[in-house]
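Presented below is the structure to which this report refers.
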Amino acid sequence: MNYIFSNEENSKKLLERFIKYVKIWSESSSELADKGIFPSTEQQKDFASILCDEMKSLGIQEVTVTPDFYVYGFVPGTGSKKNDKPVLFLAHMDTVDEVTGKNVNPVTSTKNNDTIIRSDGTTLLGGDDKAGISAIMTAAEYLLNHPEKEHCPFEIIFSPDEETGHGMDKVPLNLIKSKSAYTVDGGDEGELECECFNAWSARIIFTGKACHTGDAKAGKMVNASVMASNFTAALPRHIAPETTCGYEPFIAVMEISGTIENACVDLLLRAFTNEEIESEKKIILSLAQSFAQSFGGKADVEFKQQYLNMKEKLDQHPDVTQRLEKAYEMSGVKAVHKPIRGGTDGSRLTELGIPTPNIFTGTHEMHSRNEWVSLNQMAKASDIVLNIIIQ
14 MNYIFSNEEN
24 SKKLLERFIK
34 YVKIWSESSS
44 ELADKGIFPS
54 TEQQKDFASI
64 LCDEMKSLGI
74 QEVTVTPDFY
84 VYGFVPGTGS
94 KKNDKPVLFL
104 AHMDTVDEVT
114 GKNVNPVTST
124 KNNDTIIRSD
134 GTTLLGGDDK
144 AGISAIMTAA
154 EYLLNHPEKE
164 HCPFEIIFSP
174 DEETGHGMDK
184 VPLNLIKSKS
194 AYTVDGGDEG
204 ELECECFNAW
214 SARIIFTGKA
224 CHTGDAKAGK
234 MVNASVMASN
244 FTAALPRHIA
254 PETTCGYEPF
264 IAVMEISGTI
274 ENACVDLLLR
284 AFTNEEIESE
294 KKIILSLAQS
304 FAQSFGGKAD
314 VEFKQQYLNM
324 KEKLDQHPDV
334 TQRLEKAYEM
344 SGVKAVHKPI
354 RGGTDGSRLT
364 ELGIPTPNIF
374 TGTHEMHSRN
384 EWVSLNQMAK
394 ASDIVLNIII
404 Q
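This is how it looks when you write it as structure tokens:
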């Protein structure tokens, strides 16, 4: 068994690194990302530069920040494992824009012999995914400082704009040597994720007709904003995020904006099967056209694929998951297979031909001001990264 990071000295180093990272503002912008701006924010570039300098200082080789601000590094194999196949680890630099990640003030407390890290409640914490970055960097530092530990070659990529759904849009495939990879971007200890949602977005543009509000009767006014609000109210409640769990699909209303003449509704469609996605599309199209017709307006619907369930591709490469399961066992962690009710950069990378399951980080209540991280669990994630590399 290998429990390297569960001891006091290495856990302290992991905690210090994590607190340093969460204080760095790296929030992305879904609005700007959808307009083609990549990375979507300047602060992600700043974080990339900081990570690049740190990786170089640790002795990681081939460190570079690509023109699209992915941070890449390579560590050669050693000893009898020098010529083994390399493996890639990924985590993302950005934090979600639904809750501010600026001026994070981490607060630590002790509970049941564990250190719990939260924000002060005015921001999110940023454990998603700075816990993943911390776990990877701390494992890499340990190996570089302990040359007696033979290990395979491994690569690291820290990506921008994962939270906007664009994290793998410009991934530097030309740099990647590995044929398998692991994201460190999960939640509770033990979670081992090899399947995720199929993910689509939908944008509905309602077009109305404006006139003076005092002279609106008899079809002179068609209010696009009222069409949009009626449409969202009619979406089935039993397939909303708030009413679903496990393998249940959902349609999520993300944003509504508009005037009398034009209104826009942005939706997320999530389901584990393509058949369920197609069913959700039919619901949206039917409701949009129905309300446009009843109001005398117009509705245009645009669907975009974001990522696909990675299960089918991962099932074709059982050795990748088996290696991860062995690392869990070596780290004293019982693997809990569960679906991701979301996606990771690994979802897209799997589509691109590099099978990439997901490892937990010890982050809980993500995307909220209540977000918190267990240091013990983050240490276990770092153990698993290490045990993938040395097994």
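Per the numbering used here, the sequence shown starts with residue 14, numbered consecutively.
C-beta atoms are modelled at their ideal positions from N, C-alpha and C, and glycine is treated no differently.
- Unbroken alpha helix (DSSP H) stretches of 4 residues or longer found wholly inside the stretch 52 to 126: 55 to 71, given in chain order.
- Setting aside the 5 residues that flank it on each side, Phe51 is surrounded in the same chain by Asp81, Asp174, His179, Asp182 and Lys183, each with a C-beta closer than 7 Å to its C-beta; the list follows chain order.
- In the DSSP assignment, Ile169 falls within the beta strand (DSSP E) that extends over Phe167 to Ser172.
- Phe308 and Cys224 have their C-alpha atoms some 15 Å from each other.
- Of the residues assessed, Thr272 falls on the exposed side of the cut-off, its CB having fewer than 16 other CB atoms within 10 angstroms.
- Here Arg283 is buried. Its C-beta has 16 or more other C-beta atoms within 10 Å.
- Comparing C-alpha distances from Val266 to each of Glu176, Glu274, Ala253 and Ala276 shows the shortest one belongs to Ala253.
- Within 10 angstroms of the beta-carbon of Glu315 lie fewer than 16 other beta-carbons, which makes it exposed.
- Assignment of Asn383 by DSSP, reduced to helix, strand and coil, places it in the coil class.
- Arg30 sits buried, since 16 or more C-beta atoms from the chains shown fall within 10 Å of its C-beta.
- Excluding the 5 residues flanking it on each side, Leu365 has same chain C-beta neighbours closer than 8 Å at Met181, Val184 and Leu186, in chain order.
- In this structure Gly199 touches Glu206 by the C-beta definition: roughly 6 Å separates them, less than 8 Å.
- Here Thr123 is exposed: its Cβ has fewer than 16 other Cβ atoms, across all protein chains shown, within 10 Å.
- Distance from the CA of Thr226 to the CA of Val120, rounded to the nearest whole angstrom, comes to 53 Å.
- For Ile297, same chain residues with a beta-carbon under 6 Å away, outside a window of 5 residues either side, are Ala215 in chain order.
- One Cα belongs to Ile217, the other to Gln74, and the distance between them is close to 47 Å.
- Only exposed fits Arg250, as fewer than 16 other CB atoms lie within 10 angstroms of its CB.
- The Cβ atoms of Lys222 and Val235 sit closer than 8 Å to each other.
- By the criterion of at least three beta-carbon pairs nearer than 8 Å, the stretch 125 to 144 is not in contact with the stretch 63 to 72.
- Taking one beta carbon from each stretch, the stretch 327 to 334 and the stretch 363 to 383 have 3 or more pairs nearer than 8 Å; the two touch.
- It is roughly 27 Å from the alpha-carbon of Glu44 to the alpha-carbon of Ser299.
- Distance from the CA atom of Phe304 to the CA atom of Asp313, rounded to whole angstroms, is 12 Å.
- Pairing Tyr195 with Ile401 gives a Cβ-Cβ distance under 8 Å.
- Between Asp110 and the set Val346, His380 and Ile130, the nearest pair of CA atoms involves His380.
- Secondary-structure assignment with DSSP links Ile269 through a beta bridge to Val278.
- Per DSSP, Ser214 is one residue of the beta strand (DSSP E) stretching across Asn211 to Thr220.
- Straight across, the Cα-Cα distance linking Val35 with Leu28 is about 11 Å.
- Scanning the stretch 184 to 263 for uninterrupted beta strand (DSSP E) segments of 3 residues or longer gives 194 to 197, 204 to 206 and 211 to 220, listed from N- to C-terminal end.
- Annotated three-state conformation of Arg354 is coil, per DSSP.
- Exclusion of the five residues before and after Lys324 leaves Cys207 and Glu208 as the residues of its chain whose Cβ lies within less than 7 Å of its Cβ.
- Per DSSP, reduced to three states, the secondary structure at Ile297 is helical.
- Its Cα nearest to that of Ile170, the residue Leu103 stands out among Leu103, Ser193, Lys115 and Val197.
- A check of alpha carbon separations from Tyr155 across Lys98, Met106, Asn23 and Ala241 identifies Asn23 as the nearest.
- Contact between the stretch 284 to 296 and the stretch 382 to 397 is absent: fewer than three C-beta pairs spanning the two stretches fall below 8 Å.
- For Ala144 and Ala229, the gap between their C-alpha atoms comes out near 56 Å.
- In the DSSP annotation of this structure, Lys162 is not part of any alpha helix (DSSP H), being labelled neither H nor E.
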